[in-house]
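Just add 13 to the spot in the sequence shown (first one is 1) and you have the working numbering. Think of the CB as a built atom: it goes at the ideal place given N, C-alpha and C, for glycine as much as any other residue. In this text, all values refer to a predicted model and were calculated from it rather than measured experimentally.
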Amino acid sequence: MAFDDLFVAEIKHALKQEGCPLCRLARKAEDRYLFFFLHEHMNSLPTYEILAKGGRLCRHHSWLVLDRATRQTGLLGTAVLYDHMTGLLADDLRQAFEASRGKTGVLDRLSRRLLRRKRPEGANPQFCWICRSIAGTEDTFLHYLCKHLEDNAGMKEIYAESDGLCIPHLKAAFARASPSVGSFLLDKAVSDLERLKSQLQEYQRKNDYRFHHEPWGDEKTSPERMVRLCVGPRDSPVSSSRDQQSEQAR
(Lines of atoms letter the chains of each structure in order from A and count residues from 1; the text may use other names and numbers.)
(Lines give C-alpha, C1' and ligand atoms only; values in the text may rest on other atoms or scores of the structure.)
Protein backbone atom coordinates (compact mmCIF):
# COMPACT_ATOMS: atom_id res chain seq x y z
CA MET A 1 0.00 0.00 0.00
CA ALA A 2 1.38 3.42 -1.00
CA PHE A 3 2.07 5.96 1.75
CA ASP A 4 -0.74 8.30 0.74
CA ASP A 5 -3.16 5.35 0.54
CA LEU A 6 -2.86 5.03 4.33
CA PHE A 7 -4.08 8.62 4.77
CA VAL A 8 -6.87 8.14 2.22
CA ALA A 9 -8.04 4.95 3.96
CA GLU A 10 -8.22 6.78 7.30
CA ILE A 11 -10.13 9.66 5.73
CA LYS A 12 -12.66 7.32 4.11
CA HIS A 13 -13.18 5.49 7.40
CA ALA A 14 -13.67 8.78 9.27
CA LEU A 15 -16.15 10.00 6.63
CA LYS A 16 -18.36 7.02 7.38
CA GLN A 17 -18.57 7.97 11.07
CA GLU A 18 -20.75 10.63 12.67
CA GLY A 19 -19.59 14.25 12.61
CA CYS A 20 -16.63 16.06 11.04
CA PRO A 21 -14.02 13.56 9.78
CA LEU A 22 -11.14 15.96 10.38
CA CYS A 23 -12.17 16.52 14.00
CA ARG A 24 -12.27 12.74 14.45
CA LEU A 25 -8.81 12.30 12.90
CA ALA A 26 -7.39 15.18 14.93
CA ARG A 27 -8.76 13.65 18.12
CA LYS A 28 -7.09 10.34 17.24
CA ALA A 29 -3.83 12.18 16.65
CA GLU A 30 -4.20 13.96 19.99
CA ASP A 31 -4.90 10.68 21.82
CA ARG A 32 -1.86 9.07 20.20
CA TYR A 33 0.39 12.05 21.00
CA LEU A 34 -0.73 12.23 24.64
CA PHE A 35 -0.19 8.50 25.15
CA PHE A 36 3.43 8.66 24.03
CA PHE A 37 4.01 11.99 25.78
CA LEU A 38 2.81 10.63 29.12
CA HIS A 39 4.57 7.29 28.85
CA GLU A 40 7.84 8.30 27.18
CA HIS A 41 8.42 12.01 26.58
CA MET A 42 7.06 14.05 29.49
CA ASN A 43 10.42 14.33 31.24
CA SER A 44 12.64 13.87 28.19
CA LEU A 45 15.38 16.22 27.01
CA PRO A 46 13.43 17.27 23.84
CA THR A 47 10.51 18.40 26.03
CA TYR A 48 12.81 20.51 28.21
CA GLU A 49 14.41 21.98 25.07
CA ILE A 50 10.94 23.02 23.81
CA LEU A 51 10.21 24.65 27.17
CA ALA A 52 13.57 26.48 27.13
CA LYS A 53 12.69 27.93 23.71
CA GLY A 54 9.40 29.36 25.01
CA GLY A 55 7.11 26.39 24.53
CA ARG A 56 4.12 26.24 26.88
CA LEU A 57 1.04 24.04 26.94
CA CYS A 58 -2.25 25.81 26.24
CA ARG A 59 -5.06 25.62 28.79
CA HIS A 60 -6.84 22.78 26.96
CA HIS A 61 -3.77 20.56 26.77
CA SER A 62 -2.52 21.44 30.25
CA TRP A 63 -5.72 20.10 31.79
CA LEU A 64 -5.86 17.18 29.37
CA VAL A 65 -2.33 16.12 30.31
CA LEU A 66 -3.23 16.32 34.00
CA ASP A 67 -6.47 14.35 33.54
CA ARG A 68 -4.81 11.65 31.44
CA ALA A 69 -1.89 11.36 33.84
CA THR A 70 -4.28 10.99 36.77
CA ARG A 71 -5.98 8.06 35.06
CA GLN A 72 -3.04 6.42 33.29
CA THR A 73 0.40 7.03 34.76
CA GLY A 74 0.06 8.86 38.07
CA LEU A 75 1.11 12.44 38.73
CA LEU A 76 4.80 11.99 39.56
CA GLY A 77 5.91 12.85 36.03
CA THR A 78 3.62 15.87 35.98
CA ALA A 79 5.06 17.07 39.29
CA VAL A 80 8.61 16.76 37.89
CA LEU A 81 7.62 18.63 34.71
CA TYR A 82 5.96 21.52 36.54
CA ASP A 83 8.76 21.65 39.10
CA HIS A 84 11.05 22.40 36.16
CA MET A 85 8.58 24.93 34.77
CA THR A 86 8.32 27.05 37.92
CA GLY A 87 11.54 28.90 37.13
CA LEU A 88 10.51 29.40 33.51
CA LEU A 89 7.11 30.76 34.54
CA ALA A 90 8.77 33.14 37.00
CA ASP A 91 10.87 34.43 34.09
CA ASP A 92 7.68 34.81 32.01
CA LEU A 93 6.17 36.95 34.76
CA ARG A 94 9.29 39.11 35.04
CA GLN A 95 9.24 39.72 31.29
CA ALA A 96 5.54 40.57 31.36
CA PHE A 97 6.15 42.97 34.25
CA GLU A 98 9.05 44.67 32.46
CA ALA A 99 6.99 45.02 29.29
CA SER A 100 4.20 46.72 31.24
CA ARG A 101 6.39 49.27 33.01
CA GLY A 102 5.81 52.86 32.06
CA LYS A 103 2.42 52.13 30.46
CA THR A 104 0.27 53.98 32.96
CA GLY A 105 -1.55 56.54 30.83
CA VAL A 106 -5.26 56.45 30.09
CA LEU A 107 -4.69 55.45 26.46
CA ASP A 108 -2.25 52.72 27.46
CA ARG A 109 -4.72 51.27 29.96
CA LEU A 110 -7.49 51.39 27.36
CA SER A 111 -5.33 49.70 24.71
CA ARG A 112 -4.38 46.93 27.15
CA ARG A 113 -8.06 46.32 27.99
CA LEU A 114 -8.92 46.07 24.29
CA LEU A 115 -6.03 43.69 23.67
CA ARG A 116 -7.12 41.51 26.58
CA ARG A 117 -10.57 41.14 25.04
CA LYS A 118 -9.11 39.94 21.73
CA ARG A 119 -6.45 37.65 23.15
CA PRO A 120 -7.45 33.95 23.47
CA GLU A 121 -7.26 32.55 26.97
CA GLY A 122 -4.38 30.30 27.95
CA ALA A 123 -0.91 30.09 26.52
CA ASN A 124 -0.22 31.35 23.02
CA PRO A 125 -1.14 28.35 20.81
CA GLN A 126 1.90 28.85 18.59
CA PHE A 127 4.01 27.85 21.61
CA CYS A 128 1.86 24.83 22.57
CA TRP A 129 3.72 22.02 20.90
CA ILE A 130 0.75 19.64 21.13
CA CYS A 131 -1.42 22.18 19.29
CA ARG A 132 1.31 22.51 16.64
CA SER A 133 1.52 18.74 16.22
CA ILE A 134 -2.24 18.37 15.83
CA ALA A 135 -2.44 21.31 13.42
CA GLY A 136 0.25 19.61 11.30
CA THR A 137 -1.77 16.40 11.27
CA GLU A 138 -4.93 18.29 10.28
CA ASP A 139 -3.07 19.98 7.43
CA THR A 140 -1.80 16.62 6.16
CA PHE A 141 -5.26 15.08 6.15
CA LEU A 142 -6.77 18.21 4.56
CA HIS A 143 -4.17 17.98 1.81
CA TYR A 144 -5.09 14.37 0.99
CA LEU A 145 -8.82 15.02 1.30
CA CYS A 146 -8.73 17.95 -1.14
CA LYS A 147 -6.36 16.10 -3.49
CA HIS A 148 -8.56 13.02 -3.74
CA LEU A 149 -11.80 14.98 -3.97
CA GLU A 150 -10.25 16.45 -7.11
CA ASP A 151 -9.57 13.19 -8.97
CA ASN A 152 -11.36 10.39 -7.10
CA ALA A 153 -15.06 9.93 -7.83
CA GLY A 154 -15.35 7.37 -5.04
CA MET A 155 -14.10 9.89 -2.49
CA LYS A 156 -16.68 12.42 -3.70
CA GLU A 157 -19.48 9.90 -3.29
CA ILE A 158 -18.36 9.02 0.24
CA TYR A 159 -18.03 12.71 1.19
CA ALA A 160 -21.46 13.54 -0.27
CA GLU A 161 -23.04 10.91 2.00
CA SER A 162 -21.09 12.00 5.09
CA ASP A 163 -21.82 14.68 7.69
CA GLY A 164 -19.10 16.77 6.02
CA LEU A 165 -16.53 19.06 7.57
CA CYS A 166 -17.28 21.36 10.49
CA ILE A 167 -17.13 25.08 9.70
CA PRO A 168 -13.54 25.67 10.98
CA HIS A 169 -12.19 22.74 8.95
CA LEU A 170 -14.30 23.74 5.96
CA LYS A 171 -12.77 27.22 5.93
CA ALA A 172 -9.31 25.66 6.19
CA ALA A 173 -10.14 23.36 3.26
CA PHE A 174 -11.20 26.33 1.10
CA ALA A 175 -7.71 27.81 1.52
CA ARG A 176 -6.05 24.79 -0.09
CA ALA A 177 -8.75 23.33 -2.37
CA SER A 178 -8.98 23.91 -6.11
CA PRO A 179 -11.94 26.02 -7.32
CA SER A 180 -13.86 22.90 -8.36
CA VAL A 181 -13.29 21.11 -5.04
CA GLY A 182 -14.08 24.30 -3.12
CA SER A 183 -17.38 24.63 -5.00
CA PHE A 184 -18.20 20.98 -4.27
CA LEU A 185 -17.50 21.47 -0.54
CA LEU A 186 -19.48 24.70 -0.45
CA ASP A 187 -22.50 23.23 -2.24
CA LYS A 188 -22.70 20.33 0.22
CA ALA A 189 -22.24 22.64 3.23
CA VAL A 190 -25.03 24.96 2.07
CA SER A 191 -27.32 22.00 1.42
CA ASP A 192 -26.57 20.60 4.89
CA LEU A 193 -27.25 24.00 6.46
CA GLU A 194 -30.59 24.28 4.69
CA ARG A 195 -31.61 20.83 5.93
CA LEU A 196 -30.53 21.70 9.47
CA LYS A 197 -32.43 24.97 9.30
CA SER A 198 -35.59 23.07 8.38
CA GLN A 199 -35.05 20.65 11.27
CA LEU A 200 -34.42 23.50 13.72
CA GLN A 201 -37.68 25.12 12.65
CA GLU A 202 -39.48 21.81 13.12
CA TYR A 203 -37.84 21.52 16.57
CA GLN A 204 -39.30 24.90 17.47
CA ARG A 205 -42.73 23.96 16.12
CA LYS A 206 -42.88 20.75 18.16
CA ASN A 207 -42.04 22.69 21.31
CA ASP A 208 -45.28 24.60 20.80
CA TYR A 209 -47.90 23.19 23.20
CA ARG A 210 -50.29 22.67 20.28
CA PHE A 211 -47.95 20.13 18.64
CA HIS A 212 -46.08 18.61 21.57
CA HIS A 213 -48.02 15.35 21.16
CA GLU A 214 -46.41 14.71 17.76
CA PRO A 215 -43.56 12.15 17.76
CA TRP A 216 -39.99 13.38 17.40
CA GLY A 217 -37.85 12.68 14.34
CA ASP A 218 -34.33 13.74 13.33
CA GLU A 219 -35.14 17.29 14.40
CA LYS A 220 -34.81 16.30 18.07
CA THR A 221 -31.00 16.35 17.84
CA SER A 222 -30.77 19.32 15.47
CA PRO A 223 -29.60 21.93 18.06
CA GLU A 224 -26.68 19.73 19.12
CA ARG A 225 -25.80 18.88 15.52
CA MET A 226 -25.86 22.58 14.61
CA VAL A 227 -23.41 23.43 17.38
CA ARG A 228 -21.19 20.52 16.32
CA LEU A 229 -21.23 21.79 12.74
CA CYS A 230 -20.32 25.32 13.84
CA VAL A 231 -17.40 24.49 16.14
CA GLY A 232 -16.73 20.75 15.97
CA PRO A 233 -17.62 18.16 18.63
CA ARG A 234 -17.30 18.94 22.32
CA ASP A 235 -13.95 17.13 22.69
CA SER A 236 -12.42 18.19 19.38
CA PRO A 237 -8.84 19.56 19.48
CA VAL A 238 -9.82 21.99 16.72
CA SER A 239 -11.02 24.47 19.37
CA SER A 240 -7.57 24.63 20.92
CA SER A 241 -5.46 24.57 17.77
CA ARG A 242 -6.94 25.93 14.56
CA ASP A 243 -9.59 28.19 16.16
CA GLN A 244 -7.13 29.87 18.53
CA GLN A 245 -4.56 30.31 15.77
CA SER A 246 -7.24 31.98 13.63
CA GLU A 247 -8.16 34.23 16.57
CA GLN A 248 -4.53 35.19 17.06
CA ALA A 249 -4.16 36.15 13.39
CA ARG A 250 -7.00 38.72 13.55
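#### Entry: Classification of R132 by the beta-carbon crowding that lies within 10 angstroms, buried from 16 upward
With a pLDDT of 41 at R132, under the threshold of 50, the modelled position of that residue is not reliable, and the figure given next carries that caveat. Label assigned to R132: exposed.
### Message
Suppose you measure from the CA of L70 to the CA of C141; what does that come to, to the nearest Å?
### Response
5 Å
### Message
Only counting the same chain, and skipping five residues up and downstream in sequence, which positions put a Cβ closer than 7 Å to that of H52?
### Response
T86
### Query
Counting along the chain, where does the alpha helix (DSSP H) carrying M168 start and finish?
A166 to E174
### Message
For E151 and A22, which I take to be in contact (beta-carbon distance under 8 Å), what is that distance rounded to the nearest angstrom?
### Response
The pair is not a contact, with the Cβ atoms about 17 Å apart (cut-off 8 Å).
### Query
Buried or exposed: Y172, going by 16 or more other Cβ atoms within 10 Å of its Cβ?
buried
### Query
How is Q212 classed by DSSP in three states: helix, strand or coil?
helix
### Query
With DSSP run on the structure shown, which of helix, strand or coil describes S57?
coil
### Task
Flag this pair as touching only if the stretch 55-65 and the stretch 192-207 have three or more C-beta atom pairs under 8 Å; answer yes or no.
no
### Query
Looking at the structure shown, is F110 part of a helix, part of a strand, or coil, going by DSSP?
helix
### Message
Along the chain, where does the alpha helix (DSSP H) containing E232 start, and where does it finish?
### Response
E232 -> no alpha helix (DSSP H), and no H or E assigned at all.
### Query
Which same chain residues, not among the five before or five after Q212, have their C-beta less than 7 Å away from its C-beta?
D231, E232 and S235
### Query
Could you give the distance in angstroms between the alpha-carbon of R37 and the alpha-carbon of K210?
24 Å
### Message
Check for me: the alpha helix (DSSP H) holding D44 runs from which residue to which?
### Response
P34 to F49
### Message
Which of the three DSSP states is assigned to L70 in this structure?
### Response
coil
### Message
Quick check: what's the CA-CA separation for G100 versus L178?
### Response
42 Å
### Query
Do A186 and C159 have their C-beta atoms within less than 7 Å of each other?
yes
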